[in-house]
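Visitor: Residue numbers for the sequence shown follow the numbering used here, beginning at 26 and rising by one. The beta carbon of each residue, even a glycine, is placed where N, CA and C say it ideally should be.
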Amino acid sequence: MDAPRAQAGPNPQHLLATVLGEYLDSSEAALPAAAVVAVLGEFGITAGSARAALSRVARRGLVAVRAGTGRAPVYHLTPQAIARHRSTMHRFLAFGAVPRAGDGQWLAVSYSLPEPRQSQRHAVRRTLGALGLVRLYDSVWVGPDPDPTAVRGALAGLLDGVPGARWSVMSVRFDDETGPHGPAAAYDLAGVAAAYREFLDEHTGLRDRVRAGRVATADALVARTTVMDAWRRLVQADPDLPAHLLPAAWPRDEARRLLLEVHAALGPAAQGRLVEVVAPWWPDAGSWVTHFVAADDPAEPPRRGRGAPAGA
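In structure tokens, the structure reads:
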């Protein structure tokens, strides 16, 4: 894979975060930068882009830099990053297992800002979107999760102390949830459904090769991580509306089954390939590299997969 194509592919920072969360689970593991470059090189990411991604995740506090035994520094997952990775992985693997039960209650946000405050306005929109809300009207946003805790905290952090800013968080009911002026119409459900179908089109061939035992060990890491990274983007795009608001033939269940089958089946080979790739720079990687699969009960956190070191 050449450099231009790599730049059009997965985001190196997101890809690195996915790899760290999927295959490392200890703050004691000392990860050399050269090992990170080698791993991301498997995905066609250039050395410069890999080092830049490592610097960015370090600035975000996902890894800490320590002095190595030689001159080169080594990187460790922080305890906060491990907790975040576990929570995020659980969310991604359990997403869609149980349809959301709706009782007609919606969370609504209304805010106003003075006209010059464009940077705060953009920050509010990005934050509300990341929290699963959608814009119903200009400054009115709604979401299916009735718990206001995260939204209140985010708005307080963004707008409290901003001169002229006002905001309110409310619990509301709509006379017609599904009509053209109701909350469901504000979501691009057709676009989300199309994204799920594209995921199925792109990865059904991989599932067929997995079932036939035709995925080489050398390809397992890239295949497993790529399908998980694609699923991550779907989870972030899906508003997870209550089941009664979803269109007929909603393709999420089929996409999730494919993800879980491929993710579990390729775990041991992907783990082995990762150890093989980093071994020249990280000889004891086999003691630390692991992998996780979804628990049988989606309410439970992911469990270590077959072949994962128990003490890593």
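Using 7 Å as the threshold, is the C-beta distance between Phe-117 and Val-260 below it?
Guide: Here residue 117 is taken as the residue at index 92 of the sequence shown, counted from 1. Here residue 260 is taken as the residue at index 235 of the sequence shown, counted from 1. Yes, they are a contact pair.
Visitor: Are the beta-carbon atoms of Leu-214 and Pro-272 separated by less than 7 Å?
Guide: As a working note, residue 214 is residue 189 in the sequence shown. As a working note, residue 272 is residue 247 in the sequence shown. Taking 7 Å as the Cβ cut-off, Leu-214 and Pro-272 qualify as a contacting pair.
Visitor: Mind listing, in chain order, the continuous alpha helix (DSSP H) runs of no fewer than 4 residues lying wholly within the segment 237–282?
Guide: Segments of the alpha helix (DSSP H) lying fully in the segment 237–282: 242–262.
Visitor: Suppose you measure from the CA of Arg-151 to the CA of Gln-105; what does that come to, to the nearest Å?
Guide: If you number the sequence shown from 1, residue 151 lands on position 126. If you number the sequence shown from 1, residue 105 lands on position 80. Cα to Cα, Arg-151 sits roughly 24 Å from Gln-105.
Visitor: Alpha carbon to alpha carbon, what distance is there between Asp-263 and Leu-225?
Guide: To locate residue 225, count along the sequence shown from 1; it is residue 200. To locate residue 263, count along the sequence shown from 1; it is residue 238. The alpha-carbon atoms of Leu-225 and Asp-263 are separated by roughly 15 Å.
Visitor: Who are the Cβ neighbours of Val-44 in its own chain at under 7 Å, not counting the five residues just before and after it?
Guide: Here residue 44 is taken as the residue at index 19 of the sequence shown, counted from 1. Contacts found: Val-64, Thr-250.
Visitor: Note down, in chain order, each residue of its chain lying with its Cβ closer than 6 Å to the Cβ of Ala-78, except the 5 sequence neighbours on either side.
Guide: For the purposes of this step, residue 78 is taken as the residue at position 53 of the sequence shown. Counting only Cβ-Cβ distances below 6 Å, and skipping sequence neighbours, we find Pro-37, Gln-38, Leu-41.
Visitor: Among Arg-222, Ala-83, Val-247, Val-61, which residue has its Cα nearest to the Cα of Ala-75?
Guide: As a position in the sequence shown, residue 75 is number 50, starting the count at 1. Comparing Cα positions, the closest option is Val-61.
Visitor: Label Ala-219 either buried or exposed according to how many other C-beta atoms from any shown protein chain fall within 10 Å of its C-beta, with 16 as the threshold for buried.
Guide: In the sequence shown, the residue the question calls residue 219 occupies position 194. Exposed.
Visitor: Go ahead and label Gly-186 buried or exposed: buried means 16 or more other beta carbons lie within 10 angstroms of its beta carbon, across all protein chains shown.
Guide: Residue mapping note: residue 186 aligns to position 161 of the sequence shown, counting from 1. Exposed.
Visitor: Can you give the Cα-Cα distance for Gly-189 and Gly-182, rounded to whole angstroms?
Guide: For this step, residue 189 is matched to residue 164 along the sequence shown. For this step, residue 182 is matched to residue 157 along the sequence shown. Taking the straight line joining both Cα atoms gives about 15 Å.
Visitor: Taking contact to mean at least 3 C-beta pairs separated by less than 8 Å, is the segment 159–167 in contact with the segment 129–146?
Guide: Yes, since at least three Cβ pairs between the segment 159–167 and the segment 129–146 fall closer than 8 Å, the two stretches touch.
Visitor: CB Val-159 to CB Ala-211, shorter than 7 Å?
Guide: Indexing the sequence shown from 1 puts residue 159 at position 134. Indexing the sequence shown from 1 puts residue 211 at position 186. Going by C-beta atoms, Val-159 is nearer than 7 Å to Ala-211.
Visitor: Taking Cβ to Cβ, would you say Leu-291 is nearer than 7 Å to Ala-245?
Guide: The sequence position of residue 291 within the sequence shown is 266, counting from 1. The sequence position of residue 245 within the sequence shown is 220, counting from 1. Going by C-beta atoms, Leu-291 is nearer than 7 Å to Ala-245.
Visitor: Excluding the 5 residues preceding and the 5 following Pro-276 in the sequence, name in chain order all residues of the same chain whose CB lies nearer than 8 Å to its CB.
Guide: For the purposes of this step, residue 276 is identified with residue 251 of the sequence shown, where counting begins at 1. Within the same chain, Pro-276 has close Cβ partners Ala-218, Tyr-221, Arg-222, Leu-225.
Visitor: By the three-class DSSP mapping on this structure, what secondary structure does Ser-368 have?
Guide: A query on residue 368 cannot be resolved here, the shown segment of the chain reaching from 26 to 337 and no further.
Visitor: Please return the same chain residues whose Cβ sits closer than 6 Å to the Cβ of Glu-325, not counting the five positions on each side in sequence.
Guide: Counted from its first residue, the sequence shown places residue 325 at position 300. Closer than 6 Å at the Cβ level, and outside the excluded window around Glu-325, lies no residue.
Visitor: List in chain order: all unbroken beta strand (DSSP E) runs of 3+ residues lying wholly within the segment 47–110.
Guide: List check, beta strand (DSSP E) in window: 88–92, 98–102.
Visitor: Where does Tyr-162 fall in DSSP's three states?
Guide: Here residue 162 corresponds to residue number 137 of the sequence shown, with the count starting at 1. Looking at Tyr-162 - three-state DSSP - the assignment turns out to be strand.
Visitor: In or out: Pro-35 buried (at least 16 other Cβ within 10 Å) or exposed?
Guide: Position 10 of the sequence shown, counting from 1, holds the residue named residue 35. By the neighbour-count rule (16 or more Cβ atoms within 10 Å), Pro-35 is buried.
Visitor: Per DSSP, what are the beta-bridge partners of Met-195 in this structure?
Guide: Mapped onto the sequence shown, residue 195 falls at position 170. Paired residues: Ala-133.
Visitor: Could you give the first and the last residue of the continuous alpha helix (DSSP H) run that contains Glu-202?
Guide: Counting from one through the sequence shown, the residue named residue 202 turns up at place 177. Glu-202 -> no alpha helix (DSSP H), and no H or E assigned at all.
Visitor: Within its chain, find whatever has a CB closer than 6 Å to the CB of Asp-265; leave out the 5 residues flanking it on each side and keep chain order.
Guide: Translated into the one-based positions of the sequence shown, residue 265 becomes position 240. Cβ within range, chain order: Arg-125.
Visitor: If you draw a straight line from the C-alpha of Val-350 to the C-alpha of Gly-66, how long is it?
Guide: Residue 350 lies beyond the residue range present for the chain, which begins at 26 and ends at 337; the question has no answer from this structure.
Visitor: For Gly-121 and Ala-179, I'd like the C-alpha separation in whole angstroms.
Guide: Along the sequence shown, read from residue 1 onward, the residue named residue 121 stands at position 96. Along the sequence shown, read from residue 1 onward, the residue named residue 179 stands at position 154. Each residue's Cα considered, the two are about 25 Å apart.
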